[in-house]
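Peer 1: Below are the structure tokens for one structure; questions will follow.
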DNA sequence: TTTTTTGTTGATTGACGAGTCAATAAACTT
DNA sequence: AAGTTTATTGACTCGTCAATCAACAAAAAA
């Protein structure tokens, strides 16, 4: 019973299913059939809409990054002060939406994907540049020449915390991660006055 | 022309080849045949000695971790002072042996492996506990109650720097990584005197 | 109403790859 | 010398999976 206008719906369902499947399984070794099944359709249809498995992965990756970017923008829009801006970035980074176990698992696997698939690498590059630019914009007014160094450290720390989350066994804890990152910032800023 | 006593030689060759292959290819999607070929033998022989692909991966992982652990021990043995001990850990972590592109690539893939394979997860747990205990031992005398927090941050930062290295395009730069991590420690320690 | 476009799937193809096996041979043991 | 253990591989099995295809159905356009 085909209704028209299914394409975006199907694509969205596949993207969502891909993230869940990769995150849950903890590996890129998910079959198109599994993804399609979770999204409630046949694997043939998945191929029909995306053409290839790789395209499905890339679409999922774009989606994860888009959500994150949107959340950061949202937080930033309400935060005029440098320190509040920093805080907004951290909060978004470890928000319940982005810092969910399966999403983090997906991130880990996308990192791996970026090692082989040029488009994945490109995408990740865009993300890093944006993050860096956001951090610098917030840091420069309050840390001057040290901003670059602090931003680099902070963004590596954020990645590290993500990695830890992907590997952790217990319950997900975004608040602790924010605290850790915020602590890094606080200490660095305090240190500026020698 | 079989000589006797080949087993350890073959196994070592396979382990080495596995790391190179995974690191270079940037993916766990390496075939036993590829690994065996790089190690100069047939895939049948690889199976003969290791039984399964997973065992080969685990052996490679153990090897990477053993090298790292040895290097840390070596550095620590010559460093009695807390600060020197910290430095030794950092230097070993980013030494040319461990911080090589293909090794780091292998690490990234082992992290993924740890998500699915229990033994890989266990191994990684051992590594993290040891690192943490080393950091704490060095930090406690100089940072007291804050030691736990600082150690956690530092080890996440180290992971983050590894991740960055795996994803980076340019030449590998261990010195910069050490500097970054050392900076984190310095700032944290200086902050203790409010 | 015929035609075209869009949605949908079961069945099939074709490739690839882990693991097994039978066979061969050198080296040790008795 | 006969027997056993260790080393080694080419060929094969068996499963899996991405991708394609043929066919069918409903909506939209003509």
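Chains as they are written, first to last, in our numbering: chain A, 1 to 194; chain B, 195 to 388.
All C-beta atoms in this analysis are idealised placements derived from N, C-alpha and C, irrespective of residue type, glycine included.
Quick caveat: nothing in here was measured; it's all calculated off a predicted structure.
Taking the alpha carbon of residue 203/B as the point to measure from, which residue in 337/B, 333/B, 240/B and 345/B has its own alpha carbon closest?
Peer 2: Measuring from the Cα of residue 203/B, the nearest candidate turns out to be 240/B.
Peer 1: Among the residues of its own chain, which have a CB less than 7 Å from the CB of residue 178/A, if the five just before and after it don't count?
Peer 2: Same-chain partners within the cutoff: 90, 91 and 94.
Peer 1: On the DSSP letters alone, give me the boundaries of the alpha helix (DSSP H) that residue 29/A sits inside.
Peer 2: Taken as a continuous stretch (DSSP letters only), residue 29/A belongs to no alpha helix (DSSP H), as it is neither H nor E.
Peer 1: Is residue 215/B near the ligand NAP, with its Cβ less than 7 Å from a heavy atom?
Peer 2: You won't find the ligand NAP in this model; it holds no ligand whatsoever.
Peer 1: Just the C-alpha distance for residue 109/A and residue 22/A, rounded to the nearest angstrom, thanks.
Peer 2: Each residue's Cα considered, the two are about 8 Å apart.
Peer 1: Tell me whether residue 132/A sits in a helix, a strand or coil according to DSSP, three-state version.
Peer 2: In this structure, residue 132/A counts as helix in the three-state DSSP scheme.
Peer 1: With 8 Å as the threshold, decide whether the Cβ of residue 1/A is near any Cβ in chain B.
Peer 2: Model confidence at residue 1/A stands at a pLDDT of 44, short of 50, so the residue's coordinates are unreliable and nothing is read from them.
Peer 1: When you compare each of 81/A, 171/A and 20/A to residue 137/A by their alpha carbons, which one comes out closest?
Peer 2: It is 81/A.
Peer 1: Taking the beta carbon of residue 214/A as the centre, do at least 16 other beta carbons fall within 10 Å, making it buried, or is it exposed?
Peer 2: No answer is possible for residue 214/A: the residues shown for chain A start at 1 and end at 194.
Peer 1: Could you tell me whether the Cβ atoms of residue 251/B and residue 307/B are closer together than 8 Å?
Peer 2: It is a contact, given that the beta carbons lie within the stated cut-off.
Peer 1: Is the beta carbon of residue 221/B less than 8 Å from the beta carbon of residue 116/A?
Peer 2: Contact flag set, yes.
Peer 1: Using 8 Å as the threshold, is the segment 10 to 20 of chain A in touch with the segment 59 to 76 of chain A, meaning 3 or more CB pairs across them?
Peer 2: The segment 10 to 20 of chain A vs the segment 59 to 76 of chain A: in contact.
Peer 1: In chain B, which residues lie with their C-beta within 8 Å of the C-beta of residue 183/A?
Peer 2: Near residue 183/A (Cβ distances below 8 Å), the residues of chain B are 343 and 347.
Peer 1: Whose C-beta lies closer than 7 Å to the C-beta of residue 121/A among residues of the same chain, with five residues either side of it excluded?
Peer 2: Within the same chain, residue 121/A has close Cβ partners 114.
Peer 1: Could you tell me the distance, in whole angstroms, from the CA atom of residue 185/A to the CA atom of residue 125/A?
Peer 2: Rounded to whole angstroms, residue 185/A to residue 125/A spans 23 Å at the Cα level.
Peer 1: Under the three-state reduction of DSSP, which class applies to residue 374/B: helix, strand or coil?
Peer 2: In this structure, residue 374/B counts as helix in the three-state DSSP scheme.
Peer 1: With distance defined between alpha-carbon atoms, name the residue in 154/A, 171/A and 118/A nearest to residue 133/A.
Peer 2: The option with the nearest alpha carbon to residue 133/A is 154/A.
Peer 1: Would residue 195/B be called buried (16 or more neighbouring beta carbons within 10 Å of its own) or exposed?
Peer 2: Only weak support is given to the placement of residue 195/B: the predicted model assigns it a pLDDT of 47, under 50, and the question is left unresolved by the model.
Peer 1: Compile a chain-ordered list of the residues in the segment 107 to 139 of chain A whose CB is closer than 7 Å to at least one CB of chain B.
Peer 2: Those residues of the segment 107 to 139 of chain A that come within reach of chain B (Cβ to Cβ, closer than 7 Å) are 108, 109, 111, 112, 114, 115, 116 and 124.
Peer 1: Could you tell me whether the Cβ of residue 296/B comes closer than 8 Å to any Cβ of chain A?
Peer 2: Not closer than 8 Å to any Cβ of chain A, the Cβ of residue 296/B fails to qualify, so no.
Peer 1: Please confirm whether residue 140/A and residue 192/A have their CB atoms less than 8 Å apart.
Peer 2: Not in contact: residue 140/A and residue 192/A (Cβ atoms no closer than 8 Å).
Peer 1: Could you check what DSSP says for residue 141/A in three-state terms: helix, strand or coil?
Peer 2: Of the three classes helix, strand and coil, the one that applies to residue 141/A here is helix, per DSSP.
Peer 1: Starting from the beta carbon of residue 221/B, find every residue of chain A whose beta carbon is closer than 9 Å, and list them in chain order.
Peer 2: In chain order: 28, 112, 113, 115 and 116.
Peer 1: In the DSSP assignment, the alpha helix (DSSP H) including residue 4/A goes from what residue to what residue?
Peer 2: Residue 4/A -> no alpha helix (DSSP H), and no H or E assigned at all.
Peer 1: Nearest-angstrom Cα distance between residue 187/B and residue 317/B?
Peer 2: Since the first residue of chain B shown is 195 and the last is 388, residue 187/B is not available in this structure.
Peer 1: What is the C-beta distance between residue 75/A and residue 350/B, in whole angstroms, given that I count them as a contact (C-beta under 8 Å)?
Peer 2: In fact, because the Cβ distance is near 22 Å, the residues do not count as touching under 8 Å.
Peer 1: Skipping 5 residues on each side, what residues in its chain have a beta carbon closer than 6 Å to that of residue 20/A?
Peer 2: Cβ neighbours of residue 20/A beyond the five flanking positions: 102.
Peer 1: Just to confirm my understanding: we take residue 196/A, look at its own chain, exclude 5 residues before and 5 after, and list those with CB closer than 6 Å. What are they?
Peer 2: Outside the displayed span of chain A (1 to 194) sits residue 196/A, for which this structure offers no information.
Peer 1: So with Cβ pairs under 8 Å, would you call residue 61/A a contact of chain B?
Peer 2: For residue 61/A, the answer is no, since every Cβ of chain B falls outside 8 Å of its Cβ.
Peer 1: Tell me, please, whether the CB atom of residue 281/B is closer than 8 Å to any CB atom in chain A?
Peer 2: Residue 281/B does not count as touching chain A.
Peer 1: Measure from the C-beta of residue 381/B to each C-beta in chain A and report whether the shortest distance is under 8 Å.
Peer 2: Judged by the 8 Å Cβ criterion, residue 381/B is in contact with chain A.
Peer 1: Residues of chain B with a CB under 8 Å from the CB of residue 166/A: which are they?
Peer 2: Per Cβ cutoff of 8 Å: 305 and 309.
Peer 1: Is residue 351/B close to chain A, meaning its C-beta is less than 8 Å from at least one C-beta of that chain?
Peer 2: Answer yes: the Cβ-Cβ gap between residue 351/B and chain A drops below 8 Å somewhere.
Peer 1: Please compile the residues from chain B whose C-beta is within a distance smaller than 7 Å of the C-beta of residue 161/A.
Peer 2: Result: 350.
Peer 1: What did DSSP end up calling residue 255/B once you bin it into helix, strand or coil?
Peer 2: If DSSP states are grouped into helix, strand and coil, residue 255/B belongs with the helices.
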